[in-house]
Structure formats: structure tokens, C-alpha cells
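Residue numbers for the first sequence follow our numbering, beginning at 1 and rising by one.
Reading through the C-alpha cells given below for one structure.
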Amino acid sequence: MSEQLDKIYNPGEVEDRLYSGWVEKGYFTPEIDPEKEPFTIVIPPPNVTGQLHMGHAFDETLQDILIRYKRMSGYSTLWVPGTDHAGIATQIKVEAELREKEGLTRYDLGRDEFLKRVWDWKEKYGSRIINQLKKIGSSCDWSRERFTMDEGCSKAVREVFVNLYDKGLIYRGPRIINWCPHCITALSNEEVEHTEQAGHFWHIKYQIKGTDDYVVIATTRPETLFGDTAVAVNPEDERYSAIVGKTLCLPLTDREIPIIADEYVDKEFGTGCVKITPAHDPNDFEVGKRHDLEIIKVMNDDATMNAYAGKYEGMDRYECRKAMIRDLEEMGLLVKVEDHSHNVGQCYRCGTTIEPIVSDQWFVKMKPLAEAAIKAVDEKHTEFIPERFSKIYMNWMENVYDWCISRQLWWGHRIPAFYCDECGEMTVSKEDITTCPKCGGKVRQEEDVLDTWFSSALWPFSTLGWPEKTKDLEYFYPTNVLVTGYDIIFFWVSRMIFSACEHTGQAPFKHVFIHGLVRDGRGEKMSKSKGNGVDPLQIIEMYGADALRFTLVTGVAPGNDMRFPVTYEPPVEPGKNPDVKVNKIVGAPGVEASRNFANKIWNASRFVLMNLTVNERKLPDVSEMQLEDKWILHEYNQLVQAVTENLDRFELGIAVGKLYDFIWDKFCDWYIELIKPRLYDEDCPSNKAAQYTLSYVLSGALELLHPFMPFITEEIWQKLPHEGESIVIAAWPKYNEGLEFAKEATDMELIMSALKAVRNQRSEMNIPPSKKAKVFIKTEKADVFTQSTLFFEKLASASEAVVVGDDFVAPENAVSCVVEGAQIFMPLDDLVDKEKELERLTKEKERLLSEIKRVEGKLNNQGFVAKAPAQVVEEERKKEAKYREMLAKVEESLKAFN
RNA sequence: GAGGGUAUAGCUCAGUUGGUCAGAGCGCUUGCUUGACAUGCAAGAGGUCGAUGGUUCAAGUCCAUUUAUCCUCACCA
1 MSEQLDKIYN
11 PGEVEDRLYS
21 GWVEKGYFTP
31 EIDPEKEPFT
41 IVIPPPNVTG
51 QLHMGHAFDE
61 TLQDILIRYK
71 RMSGYSTLWV
81 PGTDHAGIAT
91 QIKVEAELRE
101 KEGLTRYDLG
111 RDEFLKRVWD
121 WKEKYGSRII
131 NQLKKIGSSC
141 DWSRERFTMD
151 EGCSKAVREV
161 FVNLYDKGLI
171 YRGPRIINWC
181 PHCITALSNE
191 EVEHTEQAGH
201 FWHIKYQIKG
211 TDDYVVIATT
221 RPETLFGDTA
231 VAVNPEDERY
241 SAIVGKTLCL
251 PLTDREIPII
261 ADEYVDKEFG
271 TGCVKITPAH
281 DPNDFEVGKR
291 HDLEIIKVMN
301 DDATMNAYAG
311 KYEGMDRYEC
321 RKAMIRDLEE
331 MGLLVKVEDH
341 SHNVGQCYRC
351 GTTIEPIVSD
361 QWFVKMKPLA
371 EAAIKAVDEK
381 HTEFIPERFS
391 KIYMNWMENV
401 YDWCISRQLW
411 WGHRIPAFYC
421 DECGEMTVSK
431 EDITTCPKCG
441 GKVRQEEDVL
451 DTWFSSALWP
461 FSTLGWPEKT
471 KDLEYFYPTN
481 VLVTGYDIIF
491 FWVSRMIFSA
501 CEHTGQAPFK
511 HVFIHGLVRD
521 GRGEKMSKSK
531 GNGVDPLQII
541 EMYGADALRF
551 TLVTGVAPGN
561 DMRFPVTYEP
571 PVEPGKNPDV
581 KVNKIVGAPG
591 VEASRNFANK
601 IWNASRFVLM
611 NLTVNERKLP
621 DVSEMQLEDK
631 WILHEYNQLV
641 QAVTENLDRF
651 ELGIAVGKLY
661 DFIWDKFCDW
671 YIELIKPRLY
681 DEDCPSNKAA
691 QYTLSYVLSG
701 ALELLHPFMP
711 FITEEIWQKL
721 PHEGESIVIA
731 AWPKYNEGLE
741 FAKEATDMEL
751 IMSALKAVRN
761 QRSEMNIPPS
771 KKAKVFIKTE
781 KADVFTQSTL
791 FFEKLASASE
801 AVVVGDDFVA
811 PENAVSCVVE
821 GAQIFMPLDD
831 LVDKEKELER
841 LTKEKERLLS
851 EIKRVEGKLN
861 NQGFVAKAPA
871 QVVEEERKKE
881 AKYREMLAKV
891 EESLKAFN
């Protein structure tokens, strides 16, 4: 066998080679096999022109772990990859480039030419993110790669739109929507982010017509005054009851507006008088409807003032605000200005303060759709993991409002509505039409496109061929798991669920596995503007994809955020954000630890390969197994069970933790060390048994680890004796009853604790390694020690001799220690620090006494004995016996010492 | 205003169904070029599990209250 490996694992060298091999072999492309159970995940499609960030890396890693696990477990696994056209984000990028390079706007180019540019851009950068996904090892079926604007997805979008429209669940009409004056489009509520900002309350006098009296209204957005069509007071507000119905002169204009009474007004707040601006405020819009008020829009699409603002026309909204406040002050109409902090909505893409504005838009009527979506989760057709996220989902679903789906963008699915210029008829159609079905007149298509999330909402089934009844759809749908961050539950998860329920009659996935956010070392959200983002590709470059993947899942509980600390050169002052241009990432301590783990595996394997002469993967005959073989096989068997169980429960962090402990601690630090003598000695009768066990356990452990660290496991697995062509499609290890060696495992514990005790003693006593000493072990289980030579071999280098027995007199001038089942003496003569040893023994005695006290307390408690399960009580009894026995030995040692 | 998360060793975090649960990594101390690995080996120090009360034979674990902190949604002009 012996194939030499390098001393240090070099991930860069193997990763690309292995990955392209896997793709060539078609391991990631599943067969539609009725004999097999399908397992499907659709990827949360990243922005087609985006770049991989740490959040993606985390998301992809989790999905890949699940997919690889299921693939090895015999499922026909499909992981559908793809990208999202990301309407606003992409359009903004292309527009920015256009402005920078050519000094043009999209309007200069016109719709068709601009769209051509976006498609060019998409062609240019669309493969970038896909290649980056491959870098981290994602085992997606690239033959099924999709794009939200490809033919199939577009067809699904139209189908859904027309279906909903025909059912009356899509309507068009004027509503107050969130308007981004920078992107020049409407936004849904989910696309608006609120931040607390310092603002002002301007108190302004509105004169009552024909009198010198006035009312004072308070506003945070004085510029909307030009759109006021009433002032409202609470009908029960006695202060104002006399003036309800009177007319006010709207300042800075020649318009007159009525005073009306409406429940909406809070008597206690502000002055109790509210200016009503139906065109610029959602509440006012409702009041306006109730009182049949005129709707006056005072701003243009770019948030400059229009003709209604009179002399302020053309000014930007804030410029106008300043100017009019100055004028009002001069006119004596400004009563006072109060500081007031309030939440201001901003566009989630460009950060511009949004303007609530009345506008004709398309909406999805949500209430009827939400019902089925609530039911789907209520009845557990879809389950959130962790469960708490279902509450967040329910909360949103139960309080949904209609979804504004039209965007005044060019990049996206154009709404399939056609207007007839002749008769005014509007036709919604799956197919493009050129003439009006009613009058035969010429029609033109709606200019608006759909919200990006409209097509994303169909992703789980549109990617599988819906609305066609494809084989993929039939076999792979509904999907099994959706993996995504909690930040897009509203944007995406909710909408997929109600869309799927409505259009496919089924929940789109069985489980929604929600994960947290990857934050920087200080717990702040990573962002480009802050410069604290960490590029996963750079980390892969530095440490390898396996190390990154391992870091991202280790020690993380489902749904919790994680920190990703890195070190910079030059170092970044604590409390400050790094400067992306100056500070370079030179290290990532967490990933370093993972890299070390990879290196550990590599070297353990190197050792195995160096010592392996057998060329077959099989278990040794039980009769040839030594104690430590049975022990490691037993532990391995437990590991198989634990890893499998935890993967099934989405506890990836726990699963990977168990693997780490097993490989590093049990396999490397104990098993390999223990069998070295057997391996080095070719004549040793159990030499072969050691080899078989070694390669059997290592191969199995690699298989269990493969979903987490696909590259290194494959690289090594290929060099070990194996059947099959790749670990990617190797069978997932199964629990094997024949490998239960509970007794041997217990015996090994005894040997290990004895060994640890000896090391501990020597270390505590500062015995130089060169100093050999005799070791006496007094135990009733002498056979455990003598049965296998390993213990002596292990001690041989450090010991003069080892004596085991259950009946000998304690040597003089010896340090001693007690472990469960054995008492160990080391005569060290002059090296023994008597005082120290006495102190240590006394301390040990006290410890045991307190343990006994605790256990006794429990056992003397009638309630405990009566109510606790028999097994628990039994365990406590055993503990008591154990401690008493140990105490006796410690006391004996103390006596001998004095 | 509504809902939710988090609080465990110096740091970053695990801890599953209440019963060896007080853990890991990093850092720290001590000693090691032991024929896979110094990206390593061995030994060790370090925690009233935010606070108070409750349920229970038994509580980091369940319940209530409370403090700190973070997040999401909503919002009164």
C-alpha cells in the first residue's frame, strides 16, 4: 500500500482537481429512480451578479452537508443550483457602471438597449458566483442550473400571475406605497428598513377662514402641507368641537380645506389637530377615503416638488422643507420647533429615505393566500428548525397586508397586462398579445416589472419544471429541506410557502432549516460599507475549503449567529472597523484551528498508510482483536450512531463535535499511540489485526466526516483500501451490533485512567522524562492489564518495570494515586516531595469525602429513592461504592506514607 | 407598542429528552526535537452557568419575575 503523503496537507493542490473529477463523473446528477427515495434541496439563489460572501459560504456548507449525507445514505439526491436576477440590485449596478463609464442614464439608452446591457452584464458576471459556489465544494447538480429569468421560470411567473389575477387575488389600484426616489420605484413593506433618526416637529398655524383664530398642527414632514386636503380632530375632543366643519386657509397656498372629525386622531398626542395628506401618508389616505377627500400628490417621482408646491416647485423635498419653514417663520405662522426622534424608512438597496406616496400599483391580495400558508405550518406539513422561527413566520402571516408587486424598473419579469388604447380594456394574458381581444385595437404592455421576490417565491417548483408536469416535478417535489438565514423568512420563505400551497396544492418543503448570520469578530453585521466583511475565497485560499466549512459548522447551534474573528495587518484598533483599502486579513484563528484538524487527519492517515501492508478493507477476526481494537471499534460504532442521529436532527454542530473528539482524541491520541508497538513489530501475532482495525476505523471515520470536509476525506479515502470509486457515493456507515464491546470499553477506561494517573504523578512531581521508575499497580483486575501488552509497552519507555497484581505490600517512599479499580505506586525515593505528596493525598481524600457526602445525601433522600428511575438510583449506588473503595485506598496510602 | 434571541472559563462558543454537564477551541502555566503531525505531544490552572423566586426526589436545562444586551415587526401626524 504504502503511498507517501506530504508532511503537511496542501488543500489548494487537491480541491480543484477533486471537484472537477466529481462533476465529470456525474456524482451530483441524480437518477430518477422509483426504487430510491428522493431527497431535494433548492438553493437560495444568490444574486446573479453578486459575489460570494461569508453568509453564502455558511448557507452552502449546511446544504452541502445535508445533501452529501443523504447521497451517501442511498437517496436520489438533487440539489438544484441557480441564480436570481435580483431586479433592483442588478439594475442599480448596471446603471452605476453606465454612469461611470459612459456618463449615461438608462433613459438615454432606452428600455431595449438598457436591457441588452443588463443581459451582457449577466453573461459576464453570472458565472462568477457559480464558480465561487464550486470552490467551497457544493455538490449541486449543475446540469439543472436555473436562473429566475430563464424561459421556464418566466413561464411559471406568467402562469402564476394570470392564475392569481383570474381568481381576483391580483389587483391594480391607487394605494399608498413606499417610494424610493433614487431607484424610482415602488417597494414592498419588506424592502423598507427603518432607522431611528433625529427629526423635528414643526408646529404650524392654519388660520380659520374669516377669523383671526387658527389651529396649530404639528408635522414632521412640513413639505407635504401642499397636499393637505383637510385637518382632522377627534370627534370627542371638546377643545375643537366648535370648529368642526369650518374652513381653514392652507398656508403658502390659496387653497381652503375643511376641518373634519375622525376617530383616527389621538386627542392626547401633539396638538390634537392633524393635517390630512391623503397622497402622502397611509393613515391619511384611509381618512381621506372615509371623508371623500381630494388626493393631491405634491412630489415628482424623484422627490422634487411639483406644481402644487407653488413657488417651491422643482426643489428637492428637503430643500423645499427648509425654504418653506423659513417663509412660515417670517410670516409668523411657525409656532415652535420641537426635537423629535422618529423611525424613518429607507430603501434596503440604496439607503435613500423612502417617501410614502399614493400610486397606481399592482398588489397581491394576501389574506386568502395566507390561510393555507398558516395551515401548512400549523399542521406541520412544513416545520421550522429551530421551532421558534415558526412563531416569527406565523406572526407575519397572521398580520400580512397586501403585497405590492409592481416595480418601476426595467430589469425583471414584465407584468403580462396589456392595455388597449382604443377601448381602454386591460387584458392579462399568459401569451403576449398585440391586439385587444375586445375591440381589436392595438395594445401596449404594462411598463412595470414584478418584484424580484415574485419569481423567487416560485423557485421550489418553477425550477423543477412547473407548470409542466415534468418527471422532475413529479419525483423531486415537494422538496425536503430549505436552508436559509432568518433574515429572509418574510421576503422569501413565507412567500414560497403560500405560493406553493396555492399553485401546487402542497407545501414546498418539509423542513425549513434556519441559520443565523455570520458576524465579524465584534459581533457586528458584515457589510461592504463598514469594510468588516471577510471574503470566503480568501479564507479558502489561506486555509482550504474544508477548514472553512468545518469552522462554519463547529460549535454553532441552529439558528444562532456566529462570529468570525480575523486578524489584520496592520492591526485594527479595538472598537474600530477595518479599512478595506488599508487593512489586510492575515489570519483567522477559528479557521486555523480547523486547518490544524485537517492537518491532524492528514498526518494520522499518513501514518496509517506508512504502516499498512494489508490491502483490504475488512474487520479483523474477533479472536484476533486486542483490547484496544475492540475499544476503538466500540467507540467508532457509537460515533456512527451519534453522527447519524444528530444529522437527522439537524444538529450539525454536535455531529461535527463528536467527529472531532473521536478522530483527534480517541483515534489519534490513544488508539494510534497504543498500537504502535504492534505495528512496528511484524512478528507480533496481532499485527494484522491492528492494521485492519486501523484502516477500517479510519475509512469509516472519513466517510462520516465527508459531508463536512469533502476534499481531504476523498483524497485520503482513495489511498486507503476501499471499494467503489469515490467517497462521494460510498455507503454511509451503519451501526453494527457486532461492534458492541461494552466490557472492553470499560476495561480500556481503566487502563487509560491508570496511564493518565501515572503521567499526572510524574508531571506533578516534576520527574524528568529521563528518570525511570518502577510502577506498581494494585488491582483486582490484573488480567485487564496483563491481557494486552500495550500498557507495558506504553510505559516501558518511561518506566523501569511494571508490576501488576492484587496482592503486594505497598513499596516505601512511593507516590501513589487511586483510580477507579486500581491503585498505583511509584517508588521514587529521593525524588518524592513528601510534603507535597501528603498535601495531594489529603486533598484527594477531601474530594472523595465530599463526593460521598453528596451521593449519600441523595441516597438517604426517600423521595429520590422512591421516585427516581431505578437505573439512576442504581448508578448512584455504584458511585457510592466506587468512591468508598477509592477513599479506602487513599487512606491506606496516607497511612503508609506516615 | 408587539414579538423574539442571547447572558456558561480571560476570549469565542457548545451543552440534545431535567439525572457523570460543569465542556471545547483559542489564550495562559509547566515539561517535551517520543521513528504521522511543533498546524504537534503530555500535564495543569481557570466558572456561584446574569439575578431572585418557584416546580421537582433532582434545574445551565422547565416556569415566573427581574436586569443587561441584541434583533425583528409596528408606529402618533
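Where is the CB? At the ideal position from N, CA and C, for every residue including glycine.
Values in this document were obtained by computation on a predicted structure and should not be read as measured data.
Distance between residue j and residue i (C-alpha atoms, nearest Å)
{"i": "residue 459", "j": "residue 496", "result": "7 Å"}
{"i": "residue 528", "j": "residue 348", "result": "14 Å"}
{"i": "residue 889", "j": "residue 6", "result": "50 Å"}
{"i": "residue 715", "j": "residue 13", "result": "11 Å"}
{"i": "residue 573", "j": "residue 579", "result": "11 Å"}
{"i": "residue 2", "j": "residue 682", "result": "Residue confidence for residue 2 is low, a pLDDT of 42 falling below 50, so the modelled location carries little weight; the figure read from the coordinates is stated next. One C-alpha to the other measures close to 15 Å."}
{"i": "residue 203", "j": "residue 332", "result": "11 Å"}
{"i": "residue 567", "j": "residue 720", "result": "37 Å"}
{"i": "residue 498", "j": "residue 385", "result": "18 Å"}
{"i": "residue 185", "j": "residue 193", "result": "15 Å"}
{"i": "residue 353", "j": "residue 642", "result": "51 Å"}
{"i": "residue 494", "j": "residue 451", "result": "15 Å"}
{"i": "residue 771", "j": "residue 613", "result": "36 Å"}
{"i": "residue 543", "j": "residue 875", "result": "46 Å"}
Residue i burial status per 10 Å Cβ neighbour count (16 or more: buried)
{"i": "residue 156", "result": "buried"}
{"i": "residue 489", "result": "buried"}
{"i": "residue 463", "result": "buried"}
{"i": "residue 829", "result": "exposed"}
{"i": "residue 421", "result": "exposed"}
{"i": "residue 382", "result": "buried"}
{"i": "residue 10", "result": "exposed"}
{"i": "residue 817", "result": "buried"}
{"i": "residue 388", "result": "exposed"}
{"i": "residue 423", "result": "exposed"}
Nearest candidate by alpha-carbon position, reference residue i, set the options
{"i": "residue 117", "options": "49, 130, 293, 192", "result": "49"}
{"i": "residue 170", "options": "354, 331, 401", "result": "401"}
{"i": "residue 370", "options": "604, 398, 833", "result": "398"}
{"i": "residue 453", "options": "428, 407, 289", "result": "407"}
{"i": "residue 392", "options": "8, 670, 512, 415", "result": "512"}
{"i": "residue 136", "options": "806, 15, 575, 308", "result": "15"}
{"i": "residue 36", "options": "523, 76, 377", "result": "76"}
{"i": "residue 814", "options": "97, 140, 609, 765", "result": "765"}
{"i": "residue 761", "options": "26, 841, 634", "result": "841"}
{"i": "residue 659", "options": "624, 699, 629", "result": "699"}
{"i": "residue 153", "options": "353, 231, 414", "result": "414"}
{"i": "residue 668", "options": "134, 501, 605", "result": "605"}
{"i": "residue 122", "options": "93, 142, 139, 132", "result": "93"}
{"i": "residue 859", "options": "79, 872, 848", "result": "872"}
{"i": "residue 449", "options": "418, 537, 230, 271", "result": "418"}
{"i": "residue 299", "options": "805, 359, 501", "result": "359"}
{"i": "residue 334", "options": "201, 412, 304, 367", "result": "201"}
Worksheet item: Would the segment 66-74 and the segment 101-108 be scored as touching if the rule is three or more Cβ pairs under 8 Å?
Response: no
Worksheet item: Quick one: any contact between the segment 507-523 and the segment 541-549, if contact means 3 or more CB pairs under 8 Å?
Response: no
Fill in: Given 8 Å, three or more beta-carbon pairs between the segment 431-449 and the segment 208-219
no
Discussion item. Taking contact to mean 3 or more Cβ pairs, one atom from each stretch, closer than 8 Å, check whether the segment 300-319 and the segment 221-229 are in contact.
Written reply: yes
Worksheet item: Within the chosen definition, does the segment 167-182 reach the segment 324-339 through at least 3 CB pairs nearer than 8 Å?
Response: no
Discussion item. I want to know whether the segment 613-627 touches the segment 685-695 - three or more CB-CB distances under 8 Å.
Written reply: yes
Discussion item. When you compare the segment 229-247 with the segment 256-267, are there three or more beta-carbon pairs, one atom per stretch, that lie closer than 8 Å?
Written reply: yes
Practice prompt. Just list the alpha helix (DSSP H) runs in the segment 696-769, keeping only unbroken ones of 4 residues or longer that don't cross its boundaries, in chain order.
Written response: 710-719, 742-764
Discussion item. I want to know whether the segment 607-618 touches the segment 559-566 - three or more CB-CB distances under 8 Å.
Written reply: no
Discussion item. My parser needs the alpha helix (DSSP H) runs of 4 or more residues fully inside the segment 146-228; what are they?
Written reply: 151-166
Practice prompt. For the segment 56-90, list the beta strand (DSSP E) runs that are entirely contained and at least 3 residues long, ordered along the chain.
Written response: 76-80
Item to complete: Within the segment 423-485, note down every full beta strand (DSSP E) run reaching 3 residues or more, in order along the chain.
Response: 426-428, 443-445, 479-485
Discussion item. Does the contact criterion of 3 or more C-beta pairs under 8 Å hold for the segment 363-379 versus the segment 468-478?
Written reply: no
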